[in-house]
Amino acid sequence: MKLFMHWDMEGISGLFAREQAWFWEEGVRPEAEEEGRRLLTADVNAAVAAALRAGADELIVCDTHCGGGNLILDQVLADPRVTYLEKSRGYQDGRLRWMPGLDQSVDGFLLPGHHAKAGTAGAFLPHTWMLEWADFRINGQSVGEMGIEACFAGHWDIPVLFVQGDVAACREAERQFPGIATASVKRAESFDLCSGPYPEAARRLTARKVAEAVANLRADSVAPYKPALPMAVTVRFRSVESAEAASRKPGVERLDELTVAASVERQCDVVRWIVDTGL
Ligand SMILES: [Zn+2]
49 MKLFMHWDME GISGLFAREQ AWFWEEGVRP EAEEEGRRLL TADVNAAVAA
99 ALRAGADELI VCDTHCGGGN LILDQVLADP RVTYLEKSRG YQDGRLRWMP
149 GLDQSVDGFL LPGHHAKAGT AGAFLPHTWM LEWADFRING QSVGEMGIEA
199 CFAGHWDIPV LFVQGDVAAC REAERQFPGI ATASVKRAES FDLCSGPYPE
249 AARRLTARKV AEAVANLRAD SVAPYKPALP MAVTVRFRSV ESAEAASRKP
299 GVERLDELTV AASVERQCDV VRWIVDTGL
């Protein structure tokens, strides 16, 4: 059994303040970034150990928050079955692509550390891809980053097994992916503040839910997220300026002041047309 864990950071255990995740913003204390990266690394270790215990023979761990580079690599659990990708883009078969190694050889896709989509009420740091995006839709269905990533994996018929995040992120996942196992490790107090159990307790819950996710995969009770092709993809921006810039890309159509659309031929090209990343 081969699994792919695609880690974001906003939804990890014990990370309760905006500056611990969005440390590129002005005025952030260096200790906050350090703390965020330490919490991420500890969460990764707990989830990886749980996946191996549950019977994964091979595991790819991808660090994707802000493009990657957040894991403290000399503190990760070293095991010959686990490959750590420092960035969410890399080379496979000589070509630069998103999530290298995610292909037909992978049995299950896990999305720990995730957050709710743009505009979600009662969520910690909700957004979709970039703060400029107000709403993203695939064939008319509003989806967040979990939906975009699951769609990408859907190209190879890989089911989404697991989401870890705040209550709002887990709710979004449960609505969109029936049968998914979720680890709800915190609750938003406001856009940039949340609270929850001590990280050790949240990691124990995460490990239990990873095991449940693997059991669901074995029982064949989870399905890939595979929107019908060709997919009609739309982005509503927050500013006219951004919509205008996006509409200049080849194949992109302007629907109204703030919204652009494109027709996409493959699930794995879900965002390629707009951010030049994909297969
Ligand atoms: Zn992130």
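As numbered in this note's numbering, residues 49 to 327 make up the sequence shown, in order. Glycine residues also receive a C-beta, built at the ideal position from the N, C-alpha and C atoms.
In angstroms, rounded to a whole number, what distance separates the CA positions of residue i and residue j?
i: P244; j: G299; result: Here residue 244 is Gly; the residue named in the question, Pro, does not match the sequence. If you take the alpha carbons of G244 and G299, they lie about 44 Å apart.
i: C242; j: A259; result: 26 Å
i: L125; j: V308; result: 43 Å
i: V312; j: A102; result: 37 Å
i: L277; j: Q123; result: 42 Å
i: F210; j: L306; result: 33 Å
i: K135; j: D324; result: 16 Å
i: N118; j: R85; result: 6 Å
Leaving out five residues on either side along the sequence, give the residues of the same chain with a beta carbon under 6 Å from the beta carbon of residue i.
i: F52; result: I108, L150, V154 and F157
i: S190; result: D183
i: H175; result: A166
i: G328; result: Residue 328 lies beyond the stretch modelled for the chain, which goes from 49 to 327, so this question has no answer here.
i: E81; result: F71
i: E106; result: K50 and R129
i: D170; result: As written in the sequence, residue 170 is Gly, which differs from the Asp given in the question. If we look at G170 and ignore the five residues flanking it on each side, its Cβ neighbours are A216 and A236.
Rank the options by C-alpha distance to the C-alpha of residue i and give the top, closest one.
i: A261; options: E289, S287, A171 and A95; result: A95
i: L303; options: A263, P226, T282 and G192; result: T282
i: R252; options: V319, S232, F285 and P78; result: S232
i: T131; options: R235, H54 and D317; result: H54
Residue range of the beta strand (DSSP E) that residue i falls in?
i: F157; result: G156 to H162
i: Q140; result: R137 to Q140
Starting from residue i, trace the alpha helix (DSSP H) in both directions and tell me its first and last residue.
i: L173; result: Counting along the chain, L173 falls outside any alpha helix (DSSP H), and DSSP gives it neither H nor E.
i: I186; result: From DSSP, I186 is part of no alpha helix (DSSP H) but of the beta strand (DSSP E) over W181 to I186.
i: I322; result: R320 to V323
i: T89; result: P78 to R101
i: R66; result: R66 to A69
i: G116; result: Taken as a continuous stretch (DSSP letters only), G116 belongs to no alpha helix (DSSP H), as it is neither H nor E.
i: Q224; result: V215 to Q224
Between which residues of its own chain and residue i is the CB-CB distance below 7 Å, once the five residues before and five after are set aside?
i: S269; result: G227
Jot down the residue ranges of each uninterrupted alpha helix (DSSP H) in the segment 241 to 309, minimum 4 residues, whole runs only, in chain order. 247 to 266 and 288 to 295
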